[in-house]
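Residues 2 to 122 in our numbering are what the sequence shown lists, from first letter to last.
Glycine included, C-beta positions come from ideal geometry on N, C-alpha and C.
From a predicted model like this one, the values you see are computed outputs, not experimental measurements.
To start, the structure under review is shown below, and the notes come after it.
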Amino acid sequence: MAGERFHKYIRLDLVTPITDIWQTHQLSHKFSDNLNNDIPYNQQIYAIPFSRYQWGMLYNKMLFERLSLLPPKNWQQFIDLLTVLKSEKIIPIYVASKYSWEISAWFEFLNLRLNGYDFHQ
Numbered sequence: 002m003a004g005e006r007f008h009k010y011i012r013l014d015l016v017t018p019i020t021d022i023w024q025t026h027q028l029s030h031k032f033s034d035n036l037n038n039d040i041p042y043n044q045q046i047y048a049i050p051f052s053r054y055q056w057g058m059l060y061n062k063m064l065f066e067r068l069s070l071l072p073p074k075n076w077q078q079f080i081d082l083l084t085v086l087k088s089e090k091i092i093p094i095y096v097a098s099k100y101s102w103e104i105s106a107w108f109e110f111l112n113l114r115l116n117g118y119d120f121h122q
């Protein structure tokens, strides 16, 4: 469990911080800087990650070269890129959907991000 669901349990005081255990065993050395930045909540450690997955997007380099496009570096560039691709009659975003979890995961991520945990329930 992670993210907003976990934060809700922390706010309800149902989870005890384990910052002392984290520091005693120097666990920050076991994880990347990026993950170490994501682990604390309100300057406390409440859990030790045991698995992680990333979501990302892939792009067709040959298509970008053909259209003289560059990968976006910010949100506005991303929106502009989508507009260009759509004007070229190219579907700009495609989500694999052979298995339902792929779509469900994106839905959950976007819904939690946009609407928050209470709405998501």
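Beta-carbon separation (whole angstroms), residue i vs residue j, contact threshold 8 Å
i, j, result
"Lys9", "Tyr118", "6 Å"
"Gln1", "Pro18", "Any answer about residue 1 is impossible in this case: the structure gives the chain only from 2 up to 122."
"Glu89", "Leu59", "Incorrect: roughly 18 Å between the Cβ atoms, too far for contact."
Where residue i falls, given that 16 or more other Cβ within 10 Å makes a residue buried
i, result
"Trp76", "exposed"
"Trp56", "exposed"
"Trp23", "buried"
Residue span of the alpha helix (DSSP H) that contains residue i, given as start and end
i, result
"Ile80", "76–88"
Proximity of residue i and residue j at Cβ, strictly below 8 Å
i, j, result
"Tyr54", "Ile11", "no"
"Leu28", "Ile49", "yes"
"Lys87", "Pro93", "yes"
Near the ligand ZN: residue i beta-carbon under 7 Å from a heavy atom
i, result
"Gly57", "The ligand ZN is not among the ligands present in this structure, which contains no ligands whatsoever."
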